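What follows is a short report on a single structure.
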Amino acid sequence: LEPVVLDWFAQGGKKWPRSGDPYTIVKPPSVFRRDKPWQRASADGFVYLPEAVIDVTINGVAEKALLYGRKPDALAEVKTHGWFGSRGYSLSEDGDPIVSVPPDKRIQCAWYMALYQVDVTYLVCLIDTHLKRTFTIRRDLEIEALLLDAADRFWHGNVLADVPPDPDGSDSYRK
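This is the structure in structure tokens:
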């Protein structure tokens, strides 16, 4: 569903609850940092606002093109959930709309913003086949620093050192 949801989100209007002109969304490459090989990502989309797109004519054919060298305006990350998977999203007292994002989704967005050096991620959620929600997540340098520090410590202290992590007391660890 990811390409379909991205297309709906890009169009906005009746396709997705979002105001404004259509966005252009481009699939970004999977990337990693050479100095930190553990820092990898494969975001779902680079979002370009309408002002990043120009009309051009190539061999007599009118087309749309992105301005050369333009940094993406945001990232898009798609999540599709059934009822069970949507339980991590907090609802307002009347049950709608969803008012907060599960921590694992927030961490994923922070990770991607750090690597792609983008300040906004649109978390685009299709929940239980009919609830269409977009969460605007802004870059938080404090969360980013904590996350990257924890990953770096795990990489050097456990992966490269070939030392299993300490037990965390969870059921899944015991299994």
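Residue numbers for the sequence shown follow our numbering, beginning at 62 and rising by one. Ideal Cβ placement from N, Cα and C applies to all residues, glycine included. Source: prediction; values computed, not measured.
Bridge partners - residue i, DSSP secondary structure assignment
i, result
"C186", "K140, R194"
"A123", "T118"
"F70", "According to DSSP, F70 bridges with nothing at all."
"I86", "V108"
C-beta atoms of residue i and residue j nearer than 7 Å
i, j, result
"C170", "E124", "no"
"Y173", "A102", "yes"
"A212", "W99", "yes"
"V181", "R194", "no"
"P225", "Y234", "no"
"K76", "W69", "yes"
"P248", "F107", "Since the displayed the chain opens at 62 and closes at 236, residue 248 lies outside it and no answer follows."
"V162", "F215", "no"
Residue i, buried or exposed, once every other Cβ within 10 Å from all chains shown has been counted against 16
i, result
"A71", "buried"
"Y62", "Sequence check: residue 62 is Leu here, not Tyr. When all chains shown are included, L62 counts as exposed."
"L207", "exposed"
"A222", "exposed"
Candidates the options: closest to residue i by CA position
i, options, result
"V87", "Y109, R79, K76, K97", "Y109"
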